[in-house]
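Notes follow the structure.
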Amino acid sequence: MLAEDIYAIMLFSSLILVVPGPSNTLLLSAGFHFGSLRAAPFILLEALGYSLSISAWGWVLARLSESNPWIISLTKALCALYVALLAVKTWNASIRSAGTGNFRRWPLHLFVATLSNPKALIFASVIFPGKAFLDFWNNYTISLLAFLVVLAPIGMLWVGLGAGIRKGYLGSISGPLFSKVTSVILALFSASLTYTMVRAA
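For the sequence shown, position 26 (counting from the first letter as 1) is numbered 117 according to this note's numbering, and the numbering increases by one without interruption.
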């Protein structure tokens, strides 16, 4: 796998991972309720959930696309639509208003939320190269490690945001501004993905 492929995985994974979603909401909530130090280990559960989900989606798509190549194109189109809708939703959302409910079983909730997170399909079908799921020891391992390298600091960012809100370190504009900037980046990613598909058609 080329260095350019690794950098691309890290860059585009970061753009998707930073977007508010079920996993990030729970990490933010954990930081808010428990503080950074106690909530930090939850990031390991997020990493495990994504690793299992991405692997499952990737292996299934790799096998199906061998006899039905159109499945990959359809999946990418659905992902582009999902990302566009997520951009609109993110624009209207506020980090401060993200769910901070009092969950009693944080580890299980976070693991299940990540395991079923639609973002995993985007990672498996769009961001990870198709060859990653055909060569376990080289392409797959390198791709997954590149993904996990950016997941850890972004997960910690969300935990830190929650802890910062709890202690009043963040101004009232921090949450809305973060959401809007993220939304614009996400919209650009969706447009880029759509353009790539149209050009390849």
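We treat Cβ as the ideally placed atom computed from N, Cα and C, and that holds for glycine. Treat the numbers as computed from the prediction; the structure is a model and nothing was measured.
* Asked: Leu-93 by DSSP, collapsed to three states: which one?
  -> coil
* Proximal residues to Ala-99 (C-beta, below 8 Å), its chain only, five neighbours per side dropped -> Ile-218
* Same chain only: Cβ atoms within 7 Å of Ala-204, ignoring 5 sequence neighbours per side -> The residues Pro-113, Ser-114 and Leu-117, in chain order, have a CB closer than 7 Å to that of Ala-204 in the same chain once the five nearest residues on each side in sequence are set aside.
* To do: Determine the extent of the alpha helix (DSSP H) in which Ser-127 is found, giving its start and end residues.
  => 127 to 130
* To do: Could you name the residues of the same chain whose beta carbon sits closer than 6 Å to that of Trp-249, not counting the 5 residues immediately before and after it, in chain order?
  => Asn-115, Leu-118 and Leu-119
* Ile-213 and Met-92: beta carbons closer than 8 Å? -> no
* Among Ser-207, Ala-94, Lys-271 and Val-174, which has the Cα closest to the Cα of Asn-183? -> Lys-271
* To do: Taking all protein chains shown into account, decide if Val-179 is buried (16 or more other Cβ within 10 angstroms of its Cβ) or exposed.
  => Answer is exposed; the Cβ neighbour count stays below 16.
* Cα-Cα separation between Lys-258 and Leu-128, rounded to whole angstroms -> 14 Å
* To do: Give the secondary structure of Asn-208 by DSSP, where H, G and I count as helix, E and B as strand, and everything else as coil.
  => The answer is coil: DSSP assigns Asn-208 none of H, G, I, E or B.
* Do the CB positions of Ala-215 and Met-101 come within less than 8 Å of each other? -> no
* Go ahead and pull the three-state DSSP assignment for Asn-229. => helix
* Asked: Considering only residues of the stretch 117 to 180, which uninterrupted alpha helix (DSSP H) runs meet the minimum length of 4 residues and lie entirely inside it, listed in chain order?
  -> Qualifying alpha helix (DSSP H) stretches, in chain order: 127 to 130 and 133 to 158.
* Taking the CB atoms as reference points, tell me whether Ile-162 and Leu-155 lie closer together than 8 Å. => yes
* If you measure from the beta carbon of Val-174 to each beta carbon in chain C, is any gap under 8 Å? -> In the structure shown, chain C cannot be found, because there is only a single protein chain.
* Asked: Where Val-109 and Ala-243 are concerned, what is the direct C-alpha to C-alpha distance, given to the nearest angstrom?
  -> CA-CA distance, Val-109 to Ala-243, rounds to 11 Å.
* Own chain partners of Thr-297 with C-beta closer than 7 Å, once the 5 adjacent residues on each side are dropped -> The structure shown does not extend to residue 297, since the chain is modelled only from 92 to 292, so the question has no answer here.
* Asked: Nearest to Leu-225 by alpha carbon, out of Pro-132, Leu-152, Ala-94 and Pro-111?
  -> Leu-152
* For Leu-143, which residues of its own chain have a beta-carbon under 8 Å away from its beta-carbon, when the five flanking residues on both sides are left out? -> Leu-206
* According to the Cβ coordinates, are Gly-246 and Ile-134 closer than 8 Å? -> yes
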